[in-house]
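Letter by letter, the sequence shown follows residues 127 to 342 of the working numbering. I have placed the structure first, in the form of structure tokens, so that the comments after it can refer back to it.
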Amino acid sequence: MVLPCRNEAPALPDLLPRIPAGYRVIVADNGSTDGSADVARALGAEVVTVPQPGYGAAVHAGLLATEPADGVVCVMDADGSFDPADLRRVAAPVLAGDARLVVGRRRPTVRSAWPLHARLGNAVLARRVRASTGLAVHDIGPIRAATRADLLALDVLDRRFGYPLELLLRAGRAGWSVVEIDVAYHPRAAGTRSKVTGSVLGTARAIRDMSRVATS
């Protein structure tokens, strides 16, 4: 599994030990300055250093480091907002051959877990995906699963915040079977700050990147 990571050191000591057994954990460190990479290594995770800034760059570098070629890859934020126990539910339809891509639909456990400005921006983008592809998705989810081979063949090019949107658009246009599963969405770990939902400016930048993808 791949955990894109930038300055998530406070979240990792609780998160990594809760990853289910059998998962090879790759932390794709995207320029952290808080010692995230050292914390991850000390907890037994493999760390891939990603010098190119951007969420998509981190996910892609982590994906390249996974194996085997036909294995299922899960991607999940490293900020503590997701319960690793949900990984098995997210991966199950892909493992069973019932879907080529599974995305998590965030269900906030408390209102503060997902600020209104971020929720509205996500809803607008999900509506675009439904209109453009016919996929029945409602979240541009940061937790997902697919096979390594499929993800690489899809050839997602965005290396910033537009990566998850481009992934859905390409999957829909390629005729993939895509399943959306509800997952609990918790407040992120204390001491960490979201690059997207943590501020209106961060959300605006993400929407800008995603809008560029949506119109390309």
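Even glycine gets a Cβ: it sits at the ideal position worked out from N, Cα and C.
Coarse secondary structure for residue i, derived from DSSP in three states
i, result
"S172", "In the sequence as displayed, the identity of residue 172 is Glu instead of Ser. Correct three-state label for E172: strand."
"L295", "helix"
"V185", "helix"
"A271", "strand"
"P143", "helix"
"D209", "coil"
"D276", "helix"
Residue from the options whose Cα sits closest to the Cα of residue i
i, options, result
"A195", "L277, P219, R286", "L277"
"L129", "R214, P210, D160", "P210"
"T318", "G188, M127, D160", "D160"
"G197", "A272, N133, A252", "A272"
"A217", "A316, N248, P146", "P146"
"Y149", "S158, E193, P136, C131", "E193"
"S207", "G260, S162, P136", "P136"
"A257", "R299, V185, S158", "R299"
"G301", "G223, G260, R233", "G260"
Strand pairing of residue i, partner residues [DSSP]
i, result
"V309", "R232"
"L242", "Bridge partners of L242: none, in fact."
Neighbourhood of residue i by C-beta distance below 8 Å, restricted to the same chain and skipping five residues each side
i, result
"L169", "L138, P139, L142, P143"
Local Cβ density within 10 Å of residue i, reported as buried at 16 or more and exposed below that
i, result
"T175", "exposed"
"A279", "exposed"
"P290", "buried"
Same chain only: Cβ atoms within 6 Å of residue i, ignoring 5 sequence neighbours per side
i, result
"P219", "A225, V228, V305"
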